[in-house]
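First residue of the sequence shown: 610, per my numbering; consecutive thereafter.
Written below as structure tokens is the structure these notes are about.
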Amino acid sequence: MNAVVEPKSRYLSDFVERQQEFPGNRSEWVRAARAAALARFERLGFPGVRDEEWKYTNVGVIERHAYTPAPRAAGGIDVAALRPLLFDGLECDRLVFVDGHFAPTLSAVGKLPAGVTVGSLAAALEQDPDAVREFLGAQTRVDNNGFAALNAAFMSDGAYLYLPPGAVLGRPVHVIHVSTAAQDDVVTHVRNLLVAQADSQATVLETYAGLHDAAYLSNVQTEVVLGANAALEHYKLQQESDKARHVAATCIHQHRGSRYANYFISAGGRLVRNEIRPTLDGEGSECTLYGLCVLGGRQHVDNHTVVDHARPQTTSREYYKSVLEGHARSVFSGKVIVHPDAQHTDAQQTNHNLLLSDDAEADTRPQLEIYADDVKCAHGATVGQLDEEALYYLKARGIDDAAARNLLVYAFANDILNRLKIQPVRERLEQVLTTRLLHGRRIEDFL
């Protein structure tokens, strides 16, 4: 049931009522961190459109709604409910979280290299909170982000990955977050912590999905720490219900020579904000960010990136694309910051948007803040419709108008999917894309 007045007060009273249930509550530093975060949220509240970083995404509908943290095991599910979220042929370790809480009976983790942890953050906070103290909260920016502050106060659970120096995970870790909420007033505060020490390597695949068509809220914070020469391939598939709100931030701290790649595919949710903030704090570190949104109806997806080049000879690449129809709206706001000492920075940023209806809208805002003088930084952005010349060429080969348009849209979007390195994931998403953009027909059908 929706609160009529003072939603913020609801969060404050919920915190008092539930704080004894929070993981890590027996640890003084965890309690102090949660209390400080709540005080920060009480001061900040939620961001408004007057906040420059939220200029194109109005979260008033979230601010006016008094969400209640999802109770543990609110809607128990069995493995059959997960089947649509799994990838045929993908051998992986699997962590499942239901309504923000770890579900051990649905998870499966095989034998791991010595010293590696793949599990639940809540369990780590309960069993050995000092083991995560150095990393937890070190990357999130609660100073000016009400969502991050609220997450830090209420965080329930999420994936915890720890790789000691030199450890290499031979297969991906698939982290599945499922919401069973059937009501509109439920929120989950997911916190993921991924730590890869020097010379280690891993691949993590996150899936976010809902079982019911409810307007629940997922408030997600993910922290990533990469030691010297560490490498992380990080995939995120956002498949929330068509009414859901998903607000997430991934903050990455990279040391010397580390490599980070992020792939974000968005095909669900009514209002989605996906924020990524890599800090390249070591010479020779690299990050590459990919994003693809295929939107319809009144979906709104905001990709917000801030790439911070803090050291010399660092490299960043960004490739984001959106396909929009109906009244859908996409936002890309990408900022690249090059600090005075970050000489020989190489940064490129591209954002392309394809509008399929007169009512669809795309806002793109690349930004460069450069304080060094020997750098290579570039950005490019386009918002347009289908290429009439290419359309004419296809129709001249006997392809009907509708099929020709679908082929061009598919080719535009598939450029991002072709960059996915996990074949079962790429194949499944290509199926989703052909179903949605080619109406179930195969490329071969047009040849």
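For glycine and all other residues, C-beta sits at the position ideal for the given N, C-alpha and C.
For Asp808, which three-state DSSP category applies? Translated into the one-based positions of the sequence shown, residue 808 becomes position 199. DSSP places Asp808 in coil when its eight states are reduced to three.
Taking Gly767 and Val799 to be in contact with their CB atoms under 8 Å, please state how far apart those CB atoms are, rounded to whole angstroms. Here residue 767 refers to the residue found at position 158 of the sequence shown. Here residue 799 refers to the residue found at position 190 of the sequence shown. Contact flag correct, Cβ pair sits at about 5 Å.
If I measure Cβ to Cβ from His913 and keep anything under 6 Å in the same chain, skipping five residues before and after, which residues do I get? Translated into positions along the sequence shown, residue 913 becomes position 304. Taken in chain order, the residues that qualify are Glu884 and Ser942.
Hey, how far is the Cα of Ala853 from the Cα of Ser827? Counted from its first residue, the sequence shown places residue 853 at position 244. Counted from its first residue, the sequence shown places residue 827 at position 218. About 8 Å.
Beta carbon of Gly989 nearer than 8 Å to that of Thr959: If you number the sequence shown from 1, residue 989 lands on position 380. If you number the sequence shown from 1, residue 959 lands on position 350. Taking 8 Å as the Cβ cut-off, Gly989 and Thr959 qualify as a contacting pair.
Nearest to Leu778 (by Cα), restricted to the options Leu841, Leu802, Leu901 and Ala731: As a first step, residue 778 must be located in the sequence shown, where it is residue number 169. Cα-wise, what sits closest to Leu778 is Leu841.
Using C-beta distances below 6 Å, list every residue in its chain close to Ile1025, excluding the 5 sequence neighbours before and after it, in chain order. Here residue 1025 is taken as the residue at index 416 of the sequence shown, counted from 1. Around Ile1025: Tyr899, Leu901 and Lys930.
Inter-residue spacing [alpha-carbon to alpha-carbon] between Asn634 and Gln736: Reading the sequence shown from its first residue, position 25 is the one you call residue 634. Reading the sequence shown from its first residue, position 127 is the one you call residue 736. Looking at the two C-alpha atoms, the distance is approximately 11 Å.
Supposed contact pair Asp808 and Pro774 - C-beta distance, whole angstroms, cut 8 Å: Sequence index remark: in the sequence shown, residue 774 carries index 165 (1-based). Sequence index remark: in the sequence shown, residue 808 carries index 199 (1-based). Indeed, because the Cβ distance is near 6 Å, the residues count as touching under 8 Å.
Using CA coordinates, which residue listed in Ala951, Leu995, Ser875 and Arg938 is at the minimum distance from Val1041? Along the sequence shown, one-based indexing puts residue 1041 at 432. Residue Ser875 is the option with its Cα nearest to Val1041.
Is it the case that the Cβ atoms of Ser765 and Pro656 are separated by a distance below 8 Å? Taking the first residue of the sequence shown as 1, we reach residue 765 at position 156. Taking the first residue of the sequence shown as 1, we reach residue 656 at position 47. No, the pair does not count as a contact, with Cβ atoms beyond the cut-off.
For Ala981, which residues in the same chain have their Cβ closer than 6 Å to its Cβ, ignoring the five residues on either side in sequence? Walking along the sequence shown from the start, residue 981 turns up at place 372. Excluding sequence neighbours, Ala981 sits near Val947, Pro949, Ala951 and Gln952.
How many angstroms separate the CA atom of Leu820 from the CA atom of Phe706? For the purposes of this step, residue 820 is taken as residue 211 along the sequence shown, with counting starting at 1. For the purposes of this step, residue 706 is taken as residue 97 along the sequence shown, with counting starting at 1. Distance between the alpha carbons of Leu820 and Phe706 is about 13 Å.
Between Ser867, Asn667 and Pro616, which has its C-alpha nearest His909's C-alpha? Along the sequence shown, one-based indexing puts residue 909 at 300. Ranking Ser867, Asn667 and Pro616 by Cα distance to His909 puts Asn667 first.
Going along the chain, which residues of its own chain have a beta-carbon closer than 8 Å to the beta-carbon of Val613, five neighbours each way excluded? As a working mapping, residue 613 is identified with position 4 in the sequence shown. Confidence at Val613 is low in this model, with a pLDDT of 49, below 50, so its placement is unreliable and the value that follows should be read with caution. If we look at Val613 and ignore the five residues flanking it on each side, it has no Cβ neighbours.
Reducing DSSP to helix, strand and coil, say where Lys617 ends up. Start at 1 with the first residue of the sequence shown, and residue 617 comes out as number 8. Note: Lys617 maps to helix in three-state DSSP.
Since Val795 contacts Tyr825 with CB under 8 Å, what's their CB separation in whole angstroms? Counted from its first residue, the sequence shown places residue 795 at position 186. Counted from its first residue, the sequence shown places residue 825 at position 216. Indeed, because the Cβ distance is near 5 Å, the residues count as touching under 8 Å.
How should Gly891 be labelled, buried or exposed, when 16 other C-beta atoms within 10 angstroms of its C-beta is the threshold for buried? Here the question's residue 891 lines up with position 282 in the sequence shown. Classification of Gly891: buried, given that the 10 Å Cβ count is 16 or more.
What would DSSP say about Gln863, mapped onto helix, strand or coil? Here the question's residue 863 lines up with position 254 in the sequence shown. In this structure, Gln863 counts as strand in the three-state DSSP scheme.
Alpha carbon to alpha carbon, what distance is there between Ala689 and Arg703? For the purposes of this step, residue 703 is identified with residue 94 of the sequence shown, where counting begins at 1. For the purposes of this step, residue 689 is identified with residue 80 of the sequence shown, where counting begins at 1. Cα to Cα, the separation comes out at about 15 Å.
So, using beta-carbon positions, are Ala969 and His918 closer together than 8 Å? To locate residue 969, count along the sequence shown from 1; it is residue 360. To locate residue 918, count along the sequence shown from 1; it is residue 309. No, they are not a contact pair.
Do Ala870 and Ala839 count as a contact pair if the criterion is CB distance below 8 Å? Reading the sequence shown from its first residue, position 230 is the one you call residue 839. Reading the sequence shown from its first residue, position 261 is the one you call residue 870. Not in contact: Ala839 and Ala870 (Cβ atoms no closer than 8 Å).
From Phe756 to Asp955, what does the alpha carbon distance come to, in whole angstroms? Taking the first residue of the sequence shown as position 1, residue 756 is located at position 147. Taking the first residue of the sequence shown as position 1, residue 955 is located at position 346. Each residue's Cα considered, the two are about 32 Å apart.
How would you label Lys670, buried or exposed, when you count the other beta carbons within 10 angstroms and need 16 or more for buried? Taking the first residue of the sequence shown as position 1, residue 670 is located at position 61. Residue 670 is actually Val in this sequence, not Lys. That one is exposed.
Using the rule of at least 16 other Cβ atoms within 10 Å of the residue's Cβ for burial, across every protein chain shown, is Asn962 buried or exposed? The residue you call residue 962 lines up with position 353 of the sequence shown. Answer is buried; the Cβ neighbour count reaches 16.
Does Pro722 come out as helix, strand or coil in the three-state DSSP assignment? Here residue 722 corresponds to residue number 113 of the sequence shown, with the count starting at 1. Note: Pro722 maps to coil in three-state DSSP.
What residue range is occupied by the uninterrupted alpha helix (DSSP H) comprising Gly993? Here residue 993 refers to the residue found at position 384 when the sequence shown is read from its first residue. Unbroken run through Gly993 is the beta strand (DSSP E), Lys985 to Gly993; no alpha helix (DSSP H).
If I'm right that Val718 touches Tyr771 with Cβ under 8 Å, what's the distance once you round it to whole angstroms? Numbered from its first residue, the sequence shown carries residue 718 at position 109. Numbered from its first residue, the sequence shown carries residue 771 at position 162. Between Tyr771 and Val718 the Cβ distance is about 13 Å, and since that is not below 8 Å, they are no contact.
Helix, strand or coil at Pro781 according to DSSP, with G and I counted as helix: Here residue 781 refers to the residue found at position 172 when the sequence shown is read from its first residue. Coil, per DSSP.
Contacting residues, own chain, Cβ-Cβ under 7 Å from Val639 (five flanking each side not counted): Here residue 639 refers to the residue found at position 30 when the sequence shown is read from its first residue. Gly633, Leu734 and Pro738.
Test item: CB-CB of Ala761 and Thr749 under 8 Å: Counted from its first residue, the sequence shown places residue 761 at position 152. Counted from its first residue, the sequence shown places residue 749 at position 140. Their beta carbons are under 8 Å apart, which means Ala761 touches Thr749 by this criterion.
Can you list, in chain order, the residues of its chain whose CB lies under 6 Å from that of Ala712, leaving out five sequence neighbours each side? Here residue 712 refers to the residue found at position 103 when the sequence shown is read from its first residue. Here the set comprises Val705.
Simplified DSSP state of Gln908, which is helix, strand or coil: The sequence position of residue 908 within the sequence shown is 299, counting from 1. Here Gln908 sits in coil by DSSP.
When the Cα of Ala857 is compared with those of Ser850, Arg692, Asn801 and Ser867, which residue comes out closest? As a first step, residue 857 is located in the sequence shown; it is residue number 248 there, counting from the start. The residue with the shortest Cα to Cα distance from Ala857 is Asn801.
For Arg643 and Glu626, I'd like the C-alpha separation in whole angstroms. As a working note, residue 643 is residue 34 in the sequence shown. As a working note, residue 626 is residue 17 in the sequence shown. Near 14 Å, if we compare the C-alpha coordinates of Glu626 and Arg643.
Beta bridge counterpart(s) of Gly819 as assigned by DSSP: Position 210 of the sequence shown, counted from the first residue, corresponds to residue 819. Beta-bridge pairing links Gly819 to Ser788.
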